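Everything in the sequence shown is counted per the working numbering, starting at 398 for the first residue and increasing by one.
The beta carbon of each residue, even a glycine, is placed where N, CA and C say it ideally should be.
Model, not experiment: these values are computed from the prediction.
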Amino acid sequence: MPPALWVVIGVGVVVVIGLIAIYNGLVRKRMRCREAWSQIDVQLKRRHDLIPNLVETVKGYAAHEKETLEGVIKARNAAVQADGVQQQAEAENMLTGALRQLFALSESYPNLKANENFARLQEELTGTENRIAFSRQHYNSSVTIYNVAIQKFPNTLVAGMLGFRPRDFFEIEDPAERDVPEVKF
């Protein structure tokens, strides 16, 4: 065989190996995004499961606050039924606002605030919120790595041909959550 043919075969093998490496790297990053989203999903499910117990506890002390309680349940149901990152983020932001109103009720009802079950549920929900925040950070970091990988050259050529699409971030839409809290002494 002529040496030129060996060079062509060698270059072809290197190109194929390179394409395989790029493809496998993109698949790995896409799976990390899916795994990170799964972690958010687990924490959101935990949050959604705690809310009915919390609402039932509040009902006993603040039954005439029906609008607030219904708002929490409506927001929870929307969050449970949300599909996709953007819709889930919007629903979770609505639920966070509804929960803020619910917890604000405890200030008006000292017996509720002193209730052991309410305090335990509030503590569990706070812990869950912290885990959601951590999971959201991990997911958004994974999405950043994946989105950068599919836009870099030569990855973009492989990504475009094989259907790798950018992923959405799990973002906070509520401007109040972005504000720096004001601390007064």
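Starting from the C-beta of residue i, find all residues in its chain whose C-beta is less than 7 Å away, skip the five residues before and the five after it, and write them out in chain order.
i    : result
L518 : L447, N450, L451, T454
P578 : Confidence in P578 is poor, its pLDDT being 45 and thus under 50, which makes the residue's placement unreliable; the coordinate value appears in the next sentence. For P578, where only same-chain residues beyond five positions count, there are no Cβ hits under 7 Å.
W403 : none
T525 : Q440, R443, R444, L447
R528 : Q440
L496 : V469
Just to confirm the assignment, what range does the alpha helix (DSSP H) spanning residue i have?
i    : result
R497 : 482–505
K442 : 400–458
E467 : 463–478
F550 : Here F550 belongs to no alpha helix (DSSP H), and DSSP marks it neither H nor E.
Take residue i and list the residues in its own chain whose beta-carbon comes closer than 8 Å to its own, dropping the five residues that flank it on each side.
i    : result
K581 : Note that K581 has pLDDT 42, beneath the 50 cutoff, so the model's placement of it is unreliable and the number below is only indicative. Closer than 8 Å at the Cβ level, and outside the excluded window around K581, lies no residue.
R425 : none
Q436 : S532, H535, Y536
R429 : S539, I542, Y543
M491 : A472, A475, A476
Can you find the residues in the same chain that come closer than 6 Å, C-beta to C-beta, to residue i, ignoring five residues on each side of it along the sequence?
i    : result
A488 : A475, A476, A479
Q485 : A479
L522 : L447
L466 : V452
G409 : none
L509 : Y458, S503, F515
I419 : N552, V555
Can you tell me the Cβ-Cβ gap for residue i and residue j, rounded? I've got them flagged as a contact below 8 Å.
i    : j    : result
L502 : E464 : Actually they do not touch by this definition, with Cβ atoms about 11 Å apart.
Y458 : N512 : 7 Å
F561 : L423 : 5 Å
D565 : Q483 : 5 Å
Under 7 Å, Cβ to Cβ, is there at least one residue of chain D near residue i?
i    : result
I406 : Structure shown: chain D not included; a single protein chain is present.
Could you tell me whether the segment 465–475 touches the segment 543–561, where touching means 3 or more Cβ pairs closer than 8 Å? No, the segment 465–475 is not in contact with the segment 543–561.
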